[in-house]
Amino acid sequence: MKKLILLISLMLMATAALAETTPPQPKVNLRQGNPNQTVFAGETIEPVVFVVKGADAVEFTLIDGLSGSVEHDDWTNDDLATISGTIDKDTDPGQYEMEILAKDTKNNTILRSKFHITVINRADAFVHSSGK
53 MKKLILLISL
63 MLMATAALAE
73 TTPPQPKVNL
83 RQGNPNQTVF
93 AGETIEPVVF
103 VVKGADAVEF
113 TLIDGLSGSV
123 EHDDWTNDDL
133 ATISGTIDKD
143 TDPGQYEMEI
153 LAKDTKNNTI
163 LRSKFHITVI
173 NRADAFVHSS
183 GK
């Protein structure tokens with residue numbers, strides 16, 4: 053019986069040690085808006101807001117005309133990352149991948165959250181809608 057108790061005790065200690073050495077990952081969750089939008093070049097996107105937890109730095113990779121900002125929400129103690137702006141009028145049509153990087157620099161962990169903006173030009177939209 054003593055051997056079984058010792059074995060269980062060692063297993064619990066190993067599990068606790070593993071939990072202490074595995075740093076928590078930052079989290080990014082959608083709070084508001086549609087992260088995957090289709091817009092005309094020169095138009096404003098619907099703002100998109102993400103909740104960021106467990107990160108001490110946030111970076112954005114965005115196309116021209118869009119910007120990212122981060123503000124702290126004292127009520128929830130989370131960070132809110134907002135992407136907004138107007139797609140540059142000279143942006144070529146196509147699908148553009150963008151991302152938010154949530155970094156926990158103390159534990160050296162990063163979470164990448166990707167989304168897409170599809171840019172179309174008005175001439176293409178007219179041709180597709182008229183069936184020609």
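All residue numbers in the sequence shown are consecutive under my numbering, ending with 184.
Virtual Cβ for every residue (Gly too), placed ideally from N, Cα, C.
Do you know how far the Cα of I169 is from the Cα of V91?
8 Å
Note down the Cα distance separating V104 from I172, rounded to an integer number of angstroms.
30 Å
Using DSSP with H/G/I as helix, E/B as strand and the rest coil, what is A93?
coil
Straight-line gap, D144 to I97 (C-alpha atoms, nearest Å)
16 Å
Just verifying my parser: in three-state terms, what is the DSSP assignment at A109?
Three-state result, A109: strand.
Leaving aside the five residues before and after N86 along the sequence, list all residues of the same chain whose C-beta is less than 8 Å from its C-beta, in chain order.
A distance below 8 Å between beta-carbons, with the five flanking residues on each side excluded, links N86 to the following residues of its chain, in chain order: E98, V100.
Contact check, L118 vs G94 under 8 Å by CB: the rounded distance?
With a Cβ gap of about 13 Å, L118 and G94 do not count as contacting.
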